[in-house]
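Residue numbers (UniProt numbering): 1 to 213.
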């Protein structure tokens with residue numbers, strides 16, 4: 001059953017405060033309401049309803065809303081659908097780094113490692129610049145597919161771009177090398193870390209267990 005807060009979209013999308021004579025103000029208020037409503041969705045059916053309202057209001061391409069919020073909600077929510085997220089993603093004319101990142105995370109979360117890695121390659125071919133959030137799911141995909149050579153190449157990119165000091169990237173490198181049986185490389189990354197989290201230690205322990213040490 002759709003909750004009243006989501007089902008009754010008319011009141012949310014056209015609040016009394018949006019009765020300004022300035023169309024820009026009204027437009028921004030509607031953007032805010034759409035983003036707020038997306039955060040309240042707890043099922044794919046609710047998201048589909050909000051998506052319909054977004055299209056009706058012409059907000060799909062607007063900045064800062066873009067379609068990124070829809071993609072992220074659909075790809076990363078526990079009730080989400082990567083099929084639906086991909087459908088939205090493929091209708092974005094010029095996906096940005098954030099769009100690729102959330103899609104890759106979603107695919108890797110669903111253990112669809114090949115799809116996650118394909119998105120990374122698509123980014124590079126399309127000239128979209130990766131950031132520090134790009135590499136954890138990409139490295140996890142390499143580990144899941146036992147692609148050590150590709151993982152090492154990505155490690156080289158990480159070093160070149162200066163993301164080797166990022167905690168999440170470092171943890172992902174430890175995990176990737178550990179699952180590839182390269183315990184020395186896992187230890188080398190661990191030793192170079194300035195800050196270590198519980199996940200860092202867990203990844204290193206898992207690397208040793210995987211290597212039978």
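Even glycine gets a Cβ: it sits at the ideal position worked out from N, Cα and C.
If you're wondering where the values come from, they're calculated on a predicted model, not measured in any experiment.
inquiry  = Considering Cα atoms alone, identify which of 33, 170 and 32 is closest to residue 191.
reply    = 170
task = Take residue 134 as the anchor and find which of 178, 184 and 172 has the nearest alpha-carbon.
result = 172
ask   = What residue ranges within the UniProt repeat "PPR" (166 to 200) form continuous alpha helix (DSSP H) runs of no fewer than 4 residues, ordered along the chain?
value = 167 to 179 and 183 to 191
inquiry  = So, does the segment 82 to 93 touch the segment 120 to 127, judging by three or more C-beta pairs under 8 Å?
reply    = no
query = In angstroms, rounded to a whole number, what distance separates the CA positions of residue 168 and residue 49?
reply = 35 Å
key: Simplified DSSP state of residue 80, which is helix, strand or coil   = coil
ask   = Looking only at its own chain, which residues have a Cβ that is under 8 Å from the Cβ of residue 67, when we skip the five neighbours before and after it?
value = 60, 61, 88, 89, 91, 92 and 99
key: Endpoints, the alpha helix (DSSP H) within which residue 155 is located   = 148 to 161
query = Taking DSSP as the reference, what is the three-state secondary structure of residue 137?
reply = helix
request  = Count the other C-beta atoms from every protein chain shown that fall within 10 angstroms of the C-beta of residue 154, then say buried if there are 16 or more, exposed otherwise.
outcome  = buried
ask   = Between residue 166 and residue 187, what straight-line distance do the alpha-carbon atoms span, to the nearest angstrom?
value = 16 Å
key: Spatial distance of residue 178 from residue 203 (CA atoms)   = 8 Å
query = Alpha carbon to alpha carbon, how far is residue 107 from residue 137?
reply = 9 Å
ask   = Alpha carbon to alpha carbon, how far is residue 146 from residue 180?
value = 6 Å
task = Going by CA-CA distance only, name the one from 36, 37, 81 and 31 that's closest to residue 58.
result = 31
task = Quick one: using the 10 Å Cβ neighbour count with 16 as the cut-off for buried, is residue 54 buried or exposed?
result = buried
query = Do you know offhand how far residue 94's Cα is from residue 72's?
reply = 16 Å
C-alpha gap between residue 161 and residue 195, whole angstroms = 19 Å
request  = Pull up the distance between the alpha-carbon of residue 35 and that of residue 69, whole angstroms please.
outcome  = 7 Å
ask   = How close, in whole Å, do the beta carbons of residue 151 and residue 176 come, if the pair is a contact with beta carbons under 8 Å?
value = 5 Å
ask   = What is the rounded straight-line gap between the Cα of residue 113 and the Cα of residue 105?
value = 10 Å
inquiry  = Using the Cβ count rule (16 or more neighbours within 10 Å means buried), how would you classify residue 51?
reply    = buried
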